[in-house]
Amino acid sequence: MARQLPPTASPDDDTPKGDPWHAFGYIVSGVALYGLAGWALDRWLGTNFLVAIGILVGAGFGIYMTYARFNKAVGD
1 MARQLPPTAS
11 PDDDTPKGDP
21 WHAFGYIVSG
31 VALYGLAGWA
41 LDRWLGTNFL
51 VAIGILVGAG
61 FGIYMTYARF
71 NKAVGD
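According to the UniProt record's numbering, the sequence shown holds residues 1 to 76 in order.
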């Protein structure tokens with residue numbers, strides 16, 4: 001029997017580049033950091049809506065950072 005070798009990666013391979021844990025980390029840390037900042041502002045100002053805004057802004061920044069990192073990794 002002939003020995004089969006695994007296929008080699010071609011330059012135009014469509015496999016994702018980068019670590020998916022980086023994407024998870026960016027989103028979770030953005031939600032945590034900005035959610036905590038929103039919670040602190042809520043406590044300081046006596047409101048109850050800034051934590052939700054902080055969580056949404058943190059998720060948005062996390063998604064943006066994920067896009068920026070993976071877009072750069074694909075171009076390299």
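All C-beta atoms, glycine included, are put in the ideal place defined by N, C-alpha and C.
Proximity below 8 Å, CB of residue i to CB of residue j
i	j	result
G54	I27	no
Nearest-angstrom Cα separation, counted from residue j out to residue i
i	j	result
V31	A40	14 Å
W44	L50	11 Å
V57	K72	22 Å
Y67	G18	11 Å
F24	D42	26 Å
S29	N48	21 Å
G60	R3	49 Å
Exposure of residue i, with buried meaning 16 or more beta-carbon neighbours within 10 Å
i	result
Y64	exposed
G46	exposed
Same chain, Cβ closer than 8 Å to residue i, five either side skipped, listed in chain order
i	result
G35	V51, G54, I55, G58
L33	G58
7 Å Cβ shell around residue i - same chain, five flanking residues per side excluded
i	result
R69	G18, H22
Close-in-space but distant-in-sequence residues of the same chain around residue i (CB under 6 Å, 5 per side omitted)
i	result
A37	G54
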